[in-house]
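In our numbering, each number is its position in the sequence shown, counted from 1, plus 685.
Here a beta-carbon is modelled for each residue, glycine too, at the ideal position from N, C-alpha and C.
Remember, it's a predicted structure, so these values are computed and weren't measured experimentally.
These notes concern the structure reproduced below.
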Amino acid sequence: MEFDYDPPPDPPAILHIDDQIIVVDKQPGLLSVPGKLEGRQDCLESRLRAIHPDTLLVHRLDCDTSGVMIFARTKKAQGFLGQEFEKRRAKKVYVARLWGHLHPDAGRVDLPICADWPNRPKQMVSHDHGRPAQTDWQVTDRPPGETRVRLMPLTGRSHQLRLHMAELGHPILGDPIYATGPARDAPRLMLHAESLTLHHPADGRPVTFTAPCPF
């Protein structure tokens, strides 16, 4: 399963920078890190490193997802932030537009996920081989034919939000992998990392970074 890669030309939109971290509003259509296939070296990490050579990766967002992404500027900060994600102290909130009307107004998806190896990068639900994955959702609006939600992942599996919403029967609009038919007919994947809350590596104080949703 391959897709054309035509990343946006815009420079990184930096939301916050200090001597420990860089926080960016990632554009949709841009890889977080270099891809394995030829022609996919251009990514947010390399663009940031061209400006700030000390940029260090902490976590990733899917290529088609936009929003808040944090990088470290020292090895110590990288290790600290890595623990924030690994120990689930980092809290992420996403905005998504879903196909159809999701009910009830709030809930949790608890379905284990593993790679669908013959169809990579697709993931699948597997109760035998999957790793635990939980996503909370909260409906914020129900425009005609769709549902606007906030998604709060409790775990950080690859494609977790996209697969979990599809498993509910309400795929994220514009998803080229998990949506079918008219649900795919959106100008982009309607998934945005709106906020990230964690502890700052310099002094441990809680901080929240936000990026306004573009859709």
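- Here the C-alpha atom of LEU733 lies approximately 37 Å from the C-alpha atom of ALA791.
- Here ILE736 carries a helix assignment [DSSP, helix/strand/coil].
- Around the CB of ASP860, 16 or more other CB atoms lie within 10 Å, so the residue is classed as buried.
- Each of GLN705, ILE706, ASP703 and MET754 was checked against the Cα of CYS728, and the nearest Cα belongs to MET754.
- The beta-carbon separation of ILE857 and ARG782, rounded to 7 Å, stays under the 8 Å limit for a contact.
- Ranked by how close their Cα comes to the Cα of HIS855, the residues ILE862, LYS776, GLY785 and ARG816 have GLY785 in first place.
- With fewer than 16 other beta carbons inside 10 angstroms of its own, PHE688 counts as exposed.
- Around the CB of GLN823, fewer than 16 other CB atoms lie within 10 Å, so the residue is classed as exposed.
- Per DSSP, reduced to three states, the secondary structure at GLN845 is helical.
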